[in-house]
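See below for the structure under consideration.
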Amino acid sequence: MTLTWLGRVALYFAFAGAIGGIIHQAIALRTGRPSRSLRWALVSLFGVGAAVAVMQIALITHNFSLAYVSENNATFTPLLYSITGMWSALEGSLLLWALLLAALIAVVLRFYRRQSDDRVVGWATVVLFGVSTFFIGLMCGPADPFIHNGAKILQGAGPNALLQDNPLVAIHPPLLYAGFVGFTVPFAFAIAMLITGRVHDRWPLEQRRWTVLAWGVLSVGIVLGAWWSYQVLGWGGFWGWDPVENAALLPWLTGTAYIHSVIVQDRRGLFRVWNLSLAIATFSLTILGTFFTRSGVLQSVHAFSSSTLGPILIGFFSVTVVLGIGLLAWRGDRLRSPVGVDQALSREGLFIANNVLFVGFAVVVLLGTVFPLLYEAVNGGQVTVGTPYFATVAVPMSIVLLVLMTLAPLVGWRTLDVGVLWSRVRVSAWTSLLVVVALVLFDVRRPMVLLAYFLATAAGGAALRTLRGAFVTARRRSQPWWDALRGPSAGGMIVHLGVVIMALAIVTATSYTTRNEVTLATGQSTVVSGQYVTFKGFQTVKDSLETATQLRVDVDHHALLPAITTYHGRSDQSVGTPAIDSNLERDVYVTFDAVGGNGATSGAQVEGNLPAGSVVLGVTVEPLLAWLWIGGLLLGLGAGLSFVRRRHNEVDAA
Amino acid sequence: MNIVKSFRLWCLAFLCVLAVALVAAPSTASAQGRIAHLETLVKCPACDDLSVAQSNATSALAVREDITRRVKAGESDNKILTSLEATYGTSILLSPATSGVGSLLWLVPILVLVALVVAGVRLVRRR
Amino acid sequence: MIVSLSVLVVVIAFSAFLATRQPSDATVAQSPLLGKPAPNVAGTELGGGTFSLKSELGEVVVVNFWASWCGPCKQEAPELSTYAWTERHKGVAVVGVVYDDTVSSATGFAAHYGSLYPSIVDPGGVIANNFGVDSPPTTFVINRQGKVAATLLGPTNAKQLAAVVAKVLQ
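Chains as they are written, first to last, in my numbering: chain D, 1 to 654; chain X, 1001 to 1127; chain V, 2001 to 2170.
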């Protein structure tokens, strides 16, 4: 019982801190007294931290007096997966969210401690504490992580098999949640700006750094999620348009629109309504995302299941949206900027197109995700909305996006001079044509692939040209070259390069992937899609954690061990463990699909008509797939650079 | 170099490459192409959101064989999809039919696009 | 103003719609067993006693494969009990089969969720194999003639079961 009460007391303490923060800050706003809300933030952080510590101690010591531990941990679960067990299921995942949020609030309040009497900071603090109260409140009520186990349990169920066979479980969820949590800050400040009416001064620009940080972390989190599912799920793909995946994509889409749109506000004071709306929308979509993941309303391989949280989360979502819309309507008159966009064909115009594109795509993804529910409500039947639908919309959108990426860095503010634009884009334009010709000569002839390479080369060229310009400027000012990387556009252009590389990898892999089922006897070799594959024999691993039947397979003389792994625990769950041979040219993805004879011990599917000792391997060859992860890495680096960049008018202060 | 500098020359080169690309494009009407395309439209019965092209589950392989057989027997794409729907239920198709409620899936994005473009244009027009 | 109001209305309608959705029904699946005589379901019950499908001939039998480690099974268990209780005198029997689990965990689960129907153990997973079950929860509805009439993949609920059984009885 002790752990249960320790954990619960810690949570109540955290809750008190958050509520106290709201009350204290509200009083400070009312009376004009100086605010000490940082103290309340630290109290709340301490409470959540203690609760996390209790859960972690319970998990690491395999203490099954907590129901959560007995459902997500076993006595032989290794340390890493005991720690990550905290976010394997619903209640614990809320602990992680609350911890990250409480920590972020403390950091933000400390960062702005010298301006704690500023009313914008004051109201933002109220909103931040409000959100924190909600999440901690969920854990004090319907989603209690510290439920006590009535019966004495000697052995836990262990984590879900798919959550203990890859160390990325330690990185993807925390990064993803950190990204979501990060968007609370622009939201809080947007609400504060609307309430105080102070939408014209420096606060919108202040928010850029927080937003870029949240966006960068979320982007890397999503890419790592794709990498993890690629390595583990066994079908060789990395994105399935699954409802929970879409739920993470939605705030990313509006977040991307936001970080671009804020550039225009920074330079020319425009798009204020759009930017405030985007900040509010992005945060609201993170809440909607938690709804999809935790309500059990949509089928997903990623979802936690619960039915009581659904209405509560949707309620919070609607509160944030209604609040945002209400405030925007109230302050609408103050928001209009005195100047307008001069010409549609200008950098501003391209940014408008960018906003339209990303928000439009977000709406479509949302529609596709909830459509099965709509259909069931109207018709009573079940439909699936999968890759064909989303791809049909994503492809034209990506094409327009690549065109925007080519033009926007090269087009001037306010006006478009075709001559100047052509002089900047012509090298890229000619290179793109040459690339297409080269591809056709190498027998790459699918129109979509050619178009993708054409546009991607152009977009990459624009990014490289802008980067080169930054280096030239740095040299001319006798600054060291790495200073150029802190310039206004360097980070963004590196992100664009990353996106271009990812786009090429996705197009190539999805168009030219070949899937084969190969039957091999022990010692037999064959050539599959140009890869030399040999099956050398069986191997078993048996320890306290798992029993695995591994196949010794050689692909192009690299040793791989695809396997079927059974994790012990109450459940003895079997999962296929794929093996990947990866190089810059192609990935070879090998799965243990079936075994001949009566293979009773391996847990694999049995093909009775094959002789014992032979196996069926799934061999999928995916060209250029490794570049997807390389592009993702570049994207993260670019976001990091953008976080530390100088403002565009700080150039000489460096 | 004036050749590179000329926009008109580039446009001409672009049109030439475009023509070559369109002519050289592989045909998708072949049986192989049709089978591959249909396989991406049908969900693997035992999975949540994988197509039969992507999954090697027994039920997926069975559906793939069915599709191959029907394409070789000369059935049209539409007929194949409808008969699969009749056997497995509406949820077997990865992209719902466009009649009835399904038309929303295409109408709403178009409407949203129009609404957003109007909003964007208003942003430009305002002085 | 009009824009704000219309967006507001859409968002509120959307939220209300989502808030009133129930967790998804089980998927009615095409299993190769449909129309064929059901494999035998017989064994020792968790609380002691025995069960045999043959002795239920003439009744509709709902066979539910579950496990204590399976999340959706927790969602489904109270619904199955509700259904079993309301149908107990109406010629419909509900029996559970423990899938890939230990007797102690299964007993704990059944006690925790107050199961109002018997569940039998399946040593070696023979019954599960004969039915082609590869992931719980999976439910089969066997008609009065002992043939498999419906297969449900995923967590079901009392309402869906009632609808499916009604169709089977036609």
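From the three backbone atoms N, C-alpha and C, an ideal C-beta is built for every residue, glycine too.
Exposure of residue i, with buried meaning 16 or more beta-carbon neighbours within 10 Å
i: V/Leu2152; result: buried
i: D/Gly7; result: buried
i: V/Leu2018; result: buried
i: D/Trp40; result: buried
i: D/Gln164; result: buried
i: D/Ala654; result: Residue confidence is low: D/Ala654 scores 35 on pLDDT, short of 50, so the model does not pin down where it sits. Its coordinate-derived value is still stated next. Exposed is the call here.
i: D/Arg468; result: exposed
i: X/Cys1047; result: buried
i: V/Ala2166; result: exposed
i: X/Thr1087; result: exposed
i: D/Asp652; result: Caution applies to D/Asp652, whose pLDDT of 40 falls short of 50 and renders its modelled position unreliable; the model cannot decide the point.
i: D/Val395; result: exposed
i: D/His568; result: buried
i: X/Gln1032; result: exposed
i: V/Asn2157; result: buried
i: D/Arg347; result: buried
Neighbouring residues, chain D, relative to residue i (Cβ below 8 Å)
i: V/Ile2012; result: Ser318 and Val322
i: V/Ser2115; result: The contacting residues do not exist; V/Ser2115 stays about 16 Å from chain D at best.
Proximal residues of chain V, C-beta to C-beta of residue i below 9 Å
i: X/Gly1089; result: Thr2027, Val2028, Ala2029 and Gln2030
i: D/Leu328; result: Ser2004
i: D/Gly613; result: Per Cβ cutoff of 9 Å: no residues; D/Gly613 is ~22 Å from chain V at best.
Run of the beta strand (DSSP E) containing residue i, from where it starts to where it stops
i: V/Asp2134; result: Looking at the DSSP string, V/Asp2134 is not in any beta strand (DSSP E), and its letter there is neither H nor E.
i: D/Arg515; result: Thr514 to Ala521
i: V/Ala2029; result: Thr2027 to Ala2029
i: D/Arg552; result: Glu546 to Val555
i: D/Glu622; result: Ser614 to Pro623
i: V/Trp2066; result: Val2060 to Trp2066
Amino acids of chain V, ordered along the chain, whose beta-carbon sits closer than 7 Å to that of residue i
i: D/Leu373; result: Arg2021
i: D/Gly618; result: The premise fails here: D/Gly618 is roughly 17 Å from chain V at the closest Cβ pair, so nothing lies under 7 Å.
Delimiting residues of the alpha helix (DSSP H) encompassing residue i
i: V/Lys2054; result: Here V/Lys2054 belongs to no alpha helix (DSSP H), and DSSP marks it neither H nor E.
i: D/Thr591; result: Not the alpha helix (DSSP H): D/Thr591 falls in the beta strand (DSSP E), residues Arg586 to Gly596.
i: D/Tyr177; result: His172 to Gly182
i: V/His2112; result: Val2103 to His2112
i: D/Tyr453; result: Pro447 to Arg476
Residue i versus the options, residue with shortest Cα-Cα distance
i: D/Gly636; options: D/Ile153, D/Val499 and D/Leu561; result: D/Val499
i: D/Gly340; options: D/Ile314, D/Val444, D/Leu401 and D/Gly269; result: D/Gly269
i: D/Lys152; options: D/Ala505, D/Val217, D/Gly596 and D/Asn63; result: D/Asn63
i: D/His172; options: D/Val212, D/Gly221 and D/Val181; result: D/Gly221
i: D/Val657; options: D/Ala53, D/Leu29, D/Asp556 and D/Ser35; result: Residue 657 of chain D falls outside the range modelled here, since chain D spans only 1 to 654, and no answer is possible.
i: V/Glu2045; options: V/Ala2166, V/Val2094, V/Val2121 and V/Glu2059; result: V/Val2121
i: D/Asn516; options: D/Glu71, D/Thr522, D/Gly530 and D/Arg202; result: D/Gly530
i: D/Val385; options: D/Val400, D/Asn379 and D/Phe371; result: D/Phe371
i: V/Trp2069; options: V/Leu2033, V/Thr2102 and V/Trp2085; result: V/Thr2102
i: D/Leu416; options: D/Leu450, D/Leu345, D/Val378 and D/Arg446; result: D/Leu345
i: D/Gly597; options: D/Val383, D/Thr125 and D/Leu610; result: D/Leu610
i: D/Thr547; options: D/Leu90, D/Ser44 and D/Ala161; result: D/Ala161
i: D/Trp430; options: D/Ala456, D/Val449, D/Val444 and D/Leu625; result: D/Ala456
i: V/Val2007; options: X/Ala1115, X/Arg1070 and X/Arg1122; result: X/Ala1115
i: D/Gly491; options: D/His24, D/Pro174, D/Arg646 and D/Asn149; result: D/Arg646
Listed by chain order, chain X residues near residue i by CB distance under 9 Å
i: D/Asp242; result: Asp1048 and Asp1049
i: D/Trp228; result: Correct list: empty, because the minimum Cβ distance to chain X is about 17 Å.
Contact list for residue i against chain D, beta-carbon separation under 9 Å
i: X/Ala1036; result: By Cβ distance, chain D contributes nothing, its closest Cβ being about 11 Å from X/Ala1036, past 9 Å.
i: X/Leu1116; result: Asn355, Val356, Leu357, Val359, Gly360 and Val363
Contact set between residue i and chain X, taken where Cβ atoms lie within less than 7 Å
i: D/Gly349; result: Val1124
i: D/Trp235; result: Leu1050, Gln1054 and Ser1055
Interface residues of chain D facing residue i [CB-CB closer than 7 Å]
i: X/Asn1056; result: Glu517, Asp593 and Gly618
Contacts that residue i makes with chain X (C-beta to C-beta distance below 8 Å)
i: D/Arg426; result: Val1004, Lys1005, Phe1007 and Trp1010
Please list the residues of the segment 278-299 of chain D that have a C-beta atom closer than 8 Å to any C-beta atom in chain V, keeping them in chain order. Phe291, Ser295, Gly296, Val297, Leu298 and Gln299
Of the residues that make up the segment 2052-2083 of chain V, which ones have a beta carbon closer than 7 Å to any beta carbon in chain D? Ala2067, Ser2068, Trp2069, Gly2071, Pro2072 and Gln2075
The segment 2083-2112 of chain V: which residues have C-beta closer than 8 Å to a C-beta of chain D, in chain order? Asp2100, Asp2101, Thr2102, Ser2105 and Gly2108
Beta carbons nearer than 7 Å to chain V: which residues of the segment 139-159 of chain D have them? Ala151 and Ala157
Near-chain V residues of the segment 51-82 of chain D - C-beta to any C-beta below 7 Å: none
When you check each C-beta in the segment 416-441 of chain D against every C-beta of chain X, which residues fall closer than 7 Å? Trp422, Arg426, Ala429, Trp430, Leu433, Val436, Val437 and Val440
Near-chain X residues of the segment 403-416 of chain D (beta-carbon distance less than 8 Å), N- to C-terminal order: none
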